[in-house]
Each structure stands twice: as structure tokens, then as C-alpha cells.
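A quick write-up on the structure given underneath.
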Amino acid sequence: MKYILQLRTHSNLLALSTIAIGVPLVGVLASKLVFWPAILAILILLFSKNLPDIVHYSLKSHVGLILLALSIWGGLSCIWSINPTHSLFGVLRFLAISSAVTVLVSGSLVLSHGNKSKLGAWIRRAGWSSLTLAFGVIGSVWGFTSLTTGWGEEVILYERLNYFNRTAAVLLALSWPISTSIGNLSRPIEQWTYLLLIGVLCYLLPSSALFTAFLFGIITFFIGHASVQLAKALLLIAFAGYILLIPFFGIIGTELTAFLPTVISDPSSEIHRIKVWTFSLEKIFESPLIGHGFDVSQQIPGGGDGVILHTMDTGKTIIGPLMPLHPHSAPIQVWLELGIPGLCLLATFLYLTVSWISNRKTFTRQSAATAATLASCFTMATLSFDLWQGWWLFTLCSAAVLNVLIKFDDEPRL
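So the sequence shown is numbered by my numbering: it starts at 386 and just counts up by one.
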């Protein structure tokens, strides 16, 4: 009984420690399994003496309400979905994940300032440990590939490094609150060294989306330190501008497809995204109001048809499907599957997350980190990854938890 009481007293701290420490490390070793620390944290929170407060914050959470509305609309989309059974299972899965996300973020809101300070030191250690491990693993793959296949086999190296794009995405999403914890506990040079190494990691990997996300994040981070309100305005303009430009991607894509080969030696990946977006738009306009059903992008008719992406100097033609596993853009995917109501719910969710960022000068450093997190995650969501993938949703959840943990707010809200 004594140990059970001790567990209840410290369970909130223990649960969030699994997120702060576990997610960065698991993200390096097995990025698709980053949901396991979150599941463990949920189980531990069931013993928390703060469970009533956690439930209270979860029930009155505006963000949680939007996620619930998105789940309900996704459930309704099963009626007209091109694959109702697949959509239903996808909705139930998303509902479970969004509920877990709301509970975990609410749990971080009720954590005491003293426990947040304790976690800050562990966040710093986990950040450096995971980054060092990432460079070690990727460096070993790079070296092994070079020794066994020769330095000229760039295609093989490219394919192997592609497996670590998810790893870098996890570390990048978490890097901004981690860097703030580092800055709170040490000199600024350590914080900026950490961020510089995150940028190097993103640059070394094949995905251009990662380094683009880092650049937008670091720009927002700098602006946030100068003016939080300006950083928030930049985010809202970026969100709104992207959504408003979606109907014109067909025209823009044609120009970009012609331009990219002049600046990139092998633009097949970038051109493939443009082709996927153009195809998605054609399917969106077939059912713009209600969409085709939750999580059915991969099953859209015609998506398996091949399209020429690029012809190399050697004469080799690179071909890819019009719709791979997903549209590589969260807003486009939501509009394609859930129609205009789904897109409106997504826009509302983005607005609420930006409005959560505090304008108080005492939170400037933390607010800048949160703004940078949103900038990087939004960029990755619009250029890569399936929005409904469990590992990606729990990565976003972990980033939200860490941003709450670095903020010592007397009036927490979500």
C-alpha cells in the first residue's frame, strides 16, 4: 500500500518523464514506435492523484473539442466513403489517439512548477543523448555503405538514409522546447549549438522537407524572440496563405515542374509531390464539399497509375504513382477525404494552437519555442507524412507536451 501511495503521488511526474525522455530516444532507435512511451504514460496517469483535474482540463479543452468534432465528421464520412469499413476503423483509431493526446497534454498542464523544473534537466539530457545517438547511427550507416558499396553508390546510400527521415522529424519537432530547456539551464552557446546540430542532421538526410521545416522554424524562433505577436502573425499568414493557395496548385505546380530541374540535379522527389498534389486537386474537385471518406487517400481511383517524374542525364526515366500512400500534405489530405467542413476544422485547430501562445514578456523564450515548433511541424505536415499515422500524431502530441512543460503558467489553459 505504501508503494501504491508513493506511485499516486509521483505518477504525473513519472508519466510525463516517459514522454520527455522516452520519445526522443525511441524516435532514434525505432521511430515508428514513438507511441509506446505515450501509451505507457497514459497507463501511469490512471494512478495519478491528479486524475480528476486531468479529466476536468480534458473535458473543457477547446483543442480537444475540435479533435472530437473532426472525429465525428470523419465518422459521418463513412456513409459516403469509397471504403466505409476502412474509414470506420481509421476514425475509431483517430478518436482513441486524439483522446490520448488530450489527456497527456492536460496532464502536463496540472504538473507543479517544481516537477517541471526537475523534468527540465531530464529534457536537456534526453535531447543531447538522442541527438548524439542519431548522429552515431546515421554515421555508421553512412560509413558502412561507403565501405561496402563504394563512395559512388549514392542511390544505395540515399535509400538507406531515407529510413531516418522519420527520426529527424521526431527530433526536429521536439528540438525547440528541448533547446529552451537547455537555454534555461546553461549558457546560450549550448542552446544554439544544439539547434545548429539539429539543422545539420536535417540537411544531411535526403528529404528536402526536413531542412525546409528547420529553416522556417529557426526564422520563426528568431522573430519570436524579438516579437511574439509578430511570430504568431507570421504563422497565421502562413497557414491561411497555404490553404488559400491550394486551389491554384495546378497552375503553380506546372511552373515549378519546369523550374526545379534547372536548380536541382535530381528533382524527382519534389516533382513527385507536385504531381501528387495536382492529382489530389482533381479528385478534390470531384467532391469538394464532403470529400471521399476518412483515410481513403491511398484507395482513390487512378492513384496507382504511373507518371513520368524526371529523365536523368543518363537517359533513365523515373516514374512514380499519382497517389502513393498519402498526398504528402495535411491540408490537401483533409480536404480530399473530409471536404470543406474538415478543412475548416483543421483551420480552426491551427488558429487555436497559435492563440494558445502567450504574449506575456515573461514567457518570451517559451513562446518563441512554441511558435517555432508550430512552424516546423506545419511545414513537415504540408510536405511529408500521412496525417493519420500513429507515430506522427504522437510526435505532435509529444511536442505539445514538452512545450507545456517548459511554460510555468499560473493559469494553464488548452
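Glycine residues also receive a C-beta, built at the ideal position from the N, C-alpha and C atoms.
- Message: Just to confirm, is the Cβ distance from G505 to I791 under 8 angstroms?
- Response: Result yes, Cβ atoms of G505 and I791 sit closer than 8 angstroms.
- What's the gap between the Cα of S672 and the Cα of W720? About 9 angstroms.
- To the nearest angstrom, report how far apart E722 and E640 are at their CA atoms. Cα to Cα, E722 sits roughly 27 angstroms from E640.
- Item | Outcome for Y442 when other beta-carbon atoms lying within 10 angstroms are tallied against a minimum of 16 | With 16 or more Cβ atoms within 10 Å of its Cβ, Y442 is classed as buried.
- Task: Measure the Cβ-Cβ separation of P562 and L787 and say whether it is below 8 angstroms.
- Result: Against a cut-off of 8 angstroms, the Cβ pair of L787 and P562 comes out as a contact.
- Task: Rounded to whole angstroms, what's the CA-CA distance from I669 to A732? Just pull it up for me.
- Result: Roughly 17 angstroms between the two C-alpha positions.
- Query: Can the beta-carbon of T597 be found closer than 8 angstroms to that of A754?
  - Reply: No, they are not a contact pair.
- For A400, three-class secondary structure by DSSP: The answer is helix: DSSP assigns A400 an H, G or I state.
- Message: I'd like to know if the segment 402-416 and the segment 437-457 are in contact, where contact means that at least 3 CB-CB pairs between them fall below 8 angstroms.
- Response: Too few Cβ pairs lie closer than 8 angstroms, so no.
- Coarse secondary structure for P706, derived from DSSP in three states: Here P706 sits in strand by DSSP.
- Message: My parser needs the alpha helix (DSSP H) runs of 4 or more residues fully inside the segment 462-516; what are they?
- Response: With a minimum length of 4 residues, the unbroken runs of alpha helix (DSSP H) contained wholly in the segment 462-516 fall at 469-494.
- Inter-residue spacing [alpha-carbon to alpha-carbon] between L764 and G626: The amino acid occupying residue 764 in the given sequence is Thr; Leu does not appear at that position. Spanning the two alpha carbons is a distance of roughly 13 angstroms.
- Message: DSSP three-state label for H711, please.
- Response: It is coil, neither helix nor strand.
- Item | Local Cβ density within 10 Å of Q718, reported as buried at 16 or more and exposed below that | Buried, since its Cβ has 16 or more Cβ neighbours within 10 Å.
- Item | Exposed unless 16 or more other CB atoms sit within 10 angstroms - verdict on I429 | Answer is buried; the Cβ neighbour count reaches 16.
- Ordered along the chain, which non-local residues of its own chain (more than five positions away) have a Cβ less than 7 angstroms from that of F420? Only G775, W776, F779 meet the Cβ criterion.
- Task: Using alpha carbons as the reference points, say which of N397, Y548, F770 lies closest to Q683.
- Result: It is F770 whose Cα lies nearest to the Cα of Q683.
- Please work out which residues of its chain come closer than 6 angstroms, Cβ to Cβ, to S783, disregarding the five sequence neighbours upstream and downstream, and give them in chain order. Within the same chain, S783 has close Cβ partners I404, V408.
- Query: For the 8 angstroms Cβ check, are there 3 or more pairs between the segment 477-491 and the segment 505-524?
  - Reply: In this structure the segment 477-491 does not lie against the segment 505-524, because fewer than three pairs of beta carbons, one per stretch, are closer than 8 angstroms.
- Beta-carbon gap between I631 and P716 smaller than 8 angstroms: Taking 8 angstroms as the cut-off, the beta carbon of I631 is found closer than this to the beta carbon of P716.
- Which of helix, strand or coil does DSSP assign to W527? If DSSP states are grouped into helix, strand and coil, W527 belongs with the helices.
- Message: Once the 5 residues before and after S514 are set aside, which same chain residues still bring their CB inside 7 angstroms of it?
- Response: Cβ contact annotation for S514 (same chain, cutoff 7 angstroms, sequence separation greater than five): L410, in chain order.
- CA-to-CA distance, G727 to I675, given in whole angstroms: Distance between the alpha carbons of I675 and G727: 8 angstroms.
- Query: Is the number of C-beta pairs between the segment 609-624 and the segment 548-560 that are closer than 8 angstroms three or more?
  - Reply: Inter-segment contact for the segment 609-624 and the segment 548-560 is absent: fewer than three beta-carbon pairs are separated by less than 8 angstroms.
- Query: Hey, quick one: how far does the alpha helix (DSSP H) through N435 stretch, first residue to last?
  - Reply: Careful: N435 lies outside any alpha helix (DSSP H) and carries neither H nor E.
- Does DSSP classify P409 as helix, strand or coil? Helix, per DSSP.
- Message: Taking the alpha-carbon of D735 as reference, which of D680, S502, A756 has the nearest alpha-carbon?
- Response: The sequence given here has Leu at residue 735, not Asp. The residue with the shortest Cα to Cα distance from L735 is A756.
- Query: Where G609 and F633 are concerned, what is the direct C-alpha to C-alpha distance, given to the nearest angstrom?
  - Reply: Each residue's Cα considered, the two are about 30 angstroms apart.
- Secondary structure at V365, three-state DSSP: helix, strand or coil? Outside the displayed span of the chain (386 to 799) sits residue 365, for which this structure offers no information.
- Sequence-distant residues of its chain with Cβ nearer than 6 angstroms to I685 (five each side left out): Correct list, in chain order: K668, M708.
- Between the CA atoms of G521 and L546 - distance to the nearest angstrom: Taking the straight line joining both Cα atoms gives about 13 angstroms.
- Whole-number beta carbon distance between Y579 and L516, since they are thought to touch under 8 angstroms: Your pair L516 and Y579 checks out as a contact, with CB atoms roughly 7 angstroms apart and the cut at 8 angstroms.
- Query: Do D680 and H471 have their C-beta atoms closer together than 8 angstroms?
  - Reply: Yes, they are a contact pair.
- Query: With respect to the alpha helix (DSSP H) encompassing Y588, which residues constitute its N-terminal and C-terminal limits?
  - Reply: Secondary structure note for Y588: its alpha helix (DSSP H) is the uninterrupted segment 573-589.
- Item | Start-to-end residues for the alpha helix (DSSP H) that takes in A784 | Looking at the DSSP string, the run of the alpha helix (DSSP H) that includes A784 is 775-790.
- Item | Burial state of I457 (16 or more Cβ within 10 Å) | I457 counts as exposed, since fewer than 16 other C-beta atoms from the protein chains shown sit within 10 angstroms of its C-beta.
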